[in-house]
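The next block holds one structure in the form of structure tokens; read it before the comments.
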Amino acid sequence: MTNDQIMQLTYLVLLGAAIGGSAIVAGRSNMGKMAQQAAIWALIFVGVIGAYGLWDDINRDVTARHDILDDGRISVPRSRDGHYYLTLEINDVPVRFVIDTGASQVVLTQADARRIGIDPETLRYFGTASTANGVVRTAPVTLDEVRLADLRDRDLPAVVNEGAMEDSLLGMTYLDRYNRIEIGGGELVLTR
1 MTNDQIMQLT YLVLLGAAIG GSAIVAGRSN MGKMAQQAAI WALIFVGVIG
51 AYGLWDDINR DVTARHDILD DGRISVPRSR DGHYYLTLEI NDVPVRFVID
101 TGASQVVLTQ ADARRIGIDP ETLRYFGTAS TANGVVRTAP VTLDEVRLAD
151 LRDRDLPAVV NEGAMEDSLL GMTYLDRYNR IEIGGGELVL TR
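Numbering of the sequence shown is given in our numbering, commencing with residue 1 and proceeding in unit increments.
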């Protein structure tokens, strides 16, 4: 613990003791009810302290969004499930991707393809991709505009997966547009 954290903890303990002491003096005629209320308040107090102490972790896990660093690099936090997720705007529609350096292409789910204006029913599924679940058929598409913050890419090749997928995959056809991909310390950093 740092000195600031020790001082904050000391302050909170002293404040709690002062509040607790005044409650004991005020409620000494009905000690049973006061003990029950004190236990409830103690649990609330512990919960607030826990939430405060874990706020950065909770915020990162719940929101799990990228940050644009001062030097223009993009920092993506690791999600609770161990994956890195990045939301890109495809033709002005936000699409959530799992960053997959093992995928050679950008792979859209059928649901995401529909959301950005591609009808999966009209596509020709003549390509194939090997996945952990076996070989699936794919249909090539071209994404007119892909945007991440101020970065814009045009005419990005991608495929639509004929099989069931939970999330779209952000593969190397997009990631190759970056000069460097670094993974460490619970974050993935993209540098153009």
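In this text, a Cβ means the ideal position worked out from N, Cα and C, and glycines have one as well.
Item: Segment limits, alpha helix (DSSP H) that includes Tyr11; Value: Asn3 to Ala26
Item: Validate contact between the segment 147 to 156 and the segment 120 to 137 using beta carbons, cut 8 Å, 3 pairs; Value: no
Item: The segment 42 to 55 / the segment 150 to 170 touching (three or more Cβ pairs under 8 Å); Value: no
Item: Cβ distance (whole Å) where Ile90 is taken to contact Leu143 below 8 Å; Value: 5 Å
Item: Sequence-distant residues of the same chain with beta carbon closer than 8 Å to Asn133, five excluded per side; Value: Gly163
Item: Beta strand (DSSP E) runs contained entirely in the segment 92 to 150, provided each spans 3 or more residues; Value: 93 to 99, 127 to 131 and 134 to 148
Item: Within 8 Å, strictly: CB atoms of Val76 and Ala158; Value: no
Item: Cα-Cα separation between Asp92 and Ala51, rounded to whole angstroms; Value: 35 Å
Item: Start-to-end residues for the beta strand (DSSP E) that takes in Leu88; Value: Tyr85 to Ile90
Item: Exposed unless 16 or more other CB atoms sit within 10 angstroms - verdict on Val25; Value: exposed
Item: Burial state of Asp155 (16 or more Cβ within 10 Å); Value: exposed
Item: Collapsed DSSP secondary structure at Arg60 in the structure displayed; Value: In this prediction, Arg60 scores a pLDDT of 49, lower than 50, which makes its location untrustworthy; the coordinate-derived value is nonetheless stated afterwards. Arg60: helix per DSSP, three-state reduction.
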